[in-house]
Amino acid sequence: MTSIIGTVLDKRYEIIEVVGSGGMATVYRAKDLILNRMVAVKILKRELSTDEEFVTKFEKESQSAASLSHPNIVNIFDVGLDQGMHYIIMELVTGNTLREYLNKMNGFMREEAVINISLQIASALNNAHQNNIIHRDIKSQNILVNEQGSIKVADFGIARATTKSTIVNTKEVVGSVHYTSPEQARGGFVDERSDIYSLGILMYELATKELPYVADTPVAVALKHLKDEMPDIRLVNEQISEGLVSIIHKATQKDLNMRYQSVEELIEDLKHVRNDKHYVVEEHIYLNDETMVLPKITEEDIMNHQMKKQQNKAPNGRPQNPMPNGGTNNVKKKPPVNKLNATLVVLAALLLSLLVFSIFAINKIQDMFKTEMVLMPYVTGLTSEEAIRILNENGLIADTTEKRFDNNVEQGYVISQSLPEGEELKEGFTVSLVISNGPVLATIPNVMHQTLQKATVMIENVGLTIGETSYEFDDLPVGMIIEQTPKAGMQIGEGQTVDVVVSQGVKITTVLVPNLSGKTLAEAEKELNDLGLKVGKTEELSNAEIEKGLVISNEQVGSEAKQGDSVNLSISKGPDATGAEVDPSTGVELTSRLFVIPTDTFINDPEAIKVDMVQGEVTTVVYEKTHTKDEKEVKFTIKGAGSAVINIYFSGQLVSTQYVEF
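If you're matching positions, the sequence shown starts at 8 in my numbering and goes up one per residue.
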């Protein structure tokens, strides 16, 4: 495969290095160029990207994991397809897999640590199960231990969403064979209890640093899960308490009904054992009676039953049939004709009585088994109480055990009914109703002081969407969230919106710098303060024209300045004490003028500055020096008389021409 190191996905995620590889995908360390953070990128292997089944599984991982938000589950930030590569952006967990963590340990893990790690994994699974997601591949290689020792459950690549009343039957055994449940090994039904079994195997591994079932082939290992008893943990590590052993034993029962029925039950027992080493789990069998079809009782069945009773037993317990020749040797015989007549009369009476009784009994039994037929009413959309009442009034029984979150049906109302309106049913028939738990609730994350991009990912990861986005000036940097509505921690229905206000940074107001020449320092300072500016550096210069103590000039006159900026001033200290300077060639008195060049106008850094003064045909270099931008400004004084042209050069290039009067 061609290396993709250095590739940038979607102009945002720069691939840096490989950190791991699995059967379906390769994981890279990458940099998020927008949020300036390190992330993990899982990319589907190119040879599998054309396989619809693998692409579906890969997409299922992102959909499953992105819907979960839990401190012990690896966070999903983004998903996408770029340059033919399917990718998932995940939280980068620095540390080791739990398998690597165990391999580095000297000796056995302390029981407290076994329980602590098991509780974190169980908490993550409980969150997934509450969101109708079965992990189906819990193993030590899919559990990450970060540098702080916290647990992160990863790789929902073969997770499958289920409903509370649905179990999964797949054609293939999914999951790692050393941790697979018996029902997974058979390719049979899979539900939350399958994850509990795998967690039980993992807990055995934590306690002993070895796996309970080992064989030469995967098939042989799977058969051990189906047939072999769990090895005795205390034969490997005698320091493990009976309480923890009993928890692992219950979690790894081969019969689903003998296991914990929910992760919450497992968590409760782990906490008990953590607080009381003598606590031992009681095993319960959870029975689910199946519905059976009763045989139909016919009139023929009733007649046969009555005839058999008459044949098997005579009145007073004597044999029904007489001895041969009509009696016993001790009974005196009566004349044959009289006996025959009497017998016929008795038999006729008995048969008539039996017939009347049978007809009466048949009618009674038919009445007992006769069931009135009723029509199924329409109760969808009603409250559960009202639906139950209507069904009962129609002679039907309501089963409301199934609950489901629904964003469109209010809590306590019927989402659906198992039979359509108008269907003919026997009185006493049980009708299943699905009752709404209301919308799926999502806990609003805290996105304050996050960038808009990160806030969007955080909000979408919990099933919500970004709503109205507005912008305001604030002290926080540009692009940071300064307000969110509703507040963090509140619970709202999945799919609802969270409004945010984004910082535009500090509001900047600009003003024009005034000409302060001829003003006192106090007057100049007040005028600057009124504009939101302040006095910067002051410099005293000799000046024969400006009275002592007044402002000769200031920089940046007429330019824009930000409120809060400083303006430097030149203050007159009167004529030079030695007297006015005179041009020796002409005898004309010379006047000084101050020039200021801001360094942010430099073309180069450093910049060679040269200044010429042109008077008539005479050009004189009056200033030549190199400066850097660190100086912020360059000041120099030119003395002259009359009119002159001042040319300013940067590195030999003319950048300014000024006409001045001295």
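From the three backbone atoms N, C-alpha and C, an ideal C-beta is built for every residue, glycine too.
Return helix, strand or coil for residue i, following the three-state DSSP convention.
{"i": "residue 117", "result": "coil"}
{"i": "residue 225", "result": "helix"}
{"i": "residue 522", "result": "coil"}
{"i": "residue 565", "result": "coil"}
{"i": "residue 472", "result": "strand"}
{"i": "residue 527", "result": "strand"}
{"i": "residue 537", "result": "helix"}
{"i": "residue 487", "result": "strand"}
{"i": "residue 388", "result": "coil"}
{"i": "residue 355", "result": "helix"}
{"i": "residue 105", "result": "helix"}
{"i": "residue 146", "result": "coil"}
{"i": "residue 126", "result": "helix"}
{"i": "residue 20", "result": "strand"}
{"i": "residue 459", "result": "helix"}
{"i": "residue 151", "result": "strand"}
{"i": "residue 112", "result": "coil"}
{"i": "residue 76", "result": "coil"}
{"i": "residue 321", "result": "Bear in mind that the predicted position of residue 321 carries a pLDDT of just 46, short of 50, making it unreliable; the figure below should be weighed with that in mind. Three-state result, residue 321: coil."}
{"i": "residue 265", "result": "helix"}
{"i": "residue 311", "result": "Bear in mind that a pLDDT of 48 at residue 311, under 50, signals an unreliable position, so the model cannot answer this."}
{"i": "residue 14", "result": "coil"}
{"i": "residue 38", "result": "strand"}
{"i": "residue 62", "result": "helix"}
Among the candidates the options, whose CA atom is the shortest distance from the CA of residue i?
{"i": "residue 415", "options": "387, 446, 119 and 472", "result": "446"}
{"i": "residue 525", "options": "28, 518, 534 and 504", "result": "534"}
{"i": "residue 440", "options": "462, 396 and 434", "result": "396"}
{"i": "residue 74", "options": "449, 216 and 256", "result": "449"}
{"i": "residue 541", "options": "523, 276, 442 and 557", "result": "523"}
{"i": "residue 413", "options": "360, 384 and 499", "result": "499"}
{"i": "residue 467", "options": "57, 210, 505 and 484", "result": "505"}
{"i": "residue 433", "options": "480, 451 and 383", "result": "383"}
{"i": "residue 16", "options": "33, 94 and 63", "result": "94"}
{"i": "residue 605", "options": "597, 442 and 643", "result": "643"}
{"i": "residue 102", "options": "154, 120, 147 and 629", "result": "154"}
{"i": "residue 562", "options": "530, 56, 640 and 511", "result": "640"}
{"i": "residue 183", "options": "221, 477 and 657", "result": "221"}
{"i": "residue 62", "options": "92, 616, 393 and 611", "result": "92"}
{"i": "residue 513", "options": "490, 482 and 519", "result": "482"}
{"i": "residue 662", "options": "229, 609 and 355", "result": "609"}
{"i": "residue 211", "options": "646, 381 and 125", "result": "125"}
Could you pull the DSSP bridge partners for residue i from this structure?
{"i": "residue 654", "result": "619 and 664"}
{"i": "residue 631", "result": "617"}
{"i": "residue 501", "result": "Note: residue 501 sits in no beta bridge, so no partner."}
{"i": "residue 602", "result": "643"}
{"i": "residue 544", "result": "The partner list for residue 544 (beta bridge, DSSP) is empty, contrary to what the question assumes."}
{"i": "residue 92", "result": "89"}
{"i": "residue 28", "result": "33"}
{"i": "residue 441", "result": "409 and 423"}
{"i": "residue 432", "result": "381"}
{"i": "residue 557", "result": "527"}
{"i": "residue 234", "result": "Answer by DSSP bridge pairing: none, since residue 234 is not bridged."}
{"i": "residue 56", "result": "Per DSSP, none; premise fails for residue 56."}
{"i": "residue 625", "result": "622"}
{"i": "residue 183", "result": "Paired residues: none, contrary to the question."}
Would you kindly report the start and end of the unbroken beta strand (DSSP E) that includes residue i?
{"i": "residue 511", "result": "Run containing residue 511: none; DSSP gives neither H nor E here."}
{"i": "residue 192", "result": "No beta strand (DSSP E) holds residue 192; the alpha helix (DSSP H) holding it covers 189-192."}
{"i": "residue 44", "result": "44-51"}
{"i": "residue 449", "result": "448-450"}
{"i": "residue 573", "result": "573-579"}
{"i": "residue 674", "result": "This structure does not reach residue 674, given that the chain is present from 8 up to 669, and the question cannot be answered."}
{"i": "residue 160", "result": "158-160"}
In the DSSP assignment, find the unbroken alpha helix (DSSP H) run with residue i in it and report its ends.
{"i": "residue 272", "result": "270-282"}
{"i": "residue 258", "result": "249-258"}
{"i": "residue 210", "result": "199-215"}
- Do the segment 548-558 and the segment 574-583 meet, that is, are 3 or more Cβ pairs less than 8 Å apart? yes
- Message: Closer than 8 Å is the cut-off here; do at least three beta carbon pairs connect the segment 74-92 with the segment 126-138?
- Response: yes
- Counting Cβ pairs, one atom from each stretch, are 3 or more of them under 8 Å apart for the segment 268-280 and the segment 193-210? yes
- Message: Does the structure place the segment 466-486 close enough to the segment 41-56 that three or more beta carbon pairs sit under 8 Å?
- Response: no
- Task: Say whether the segment 400-409 touches the segment 458-467, bearing in mind that this needs 3 or more beta-carbon pairs closer than 8 Å, one atom from each stretch.
- Result: no
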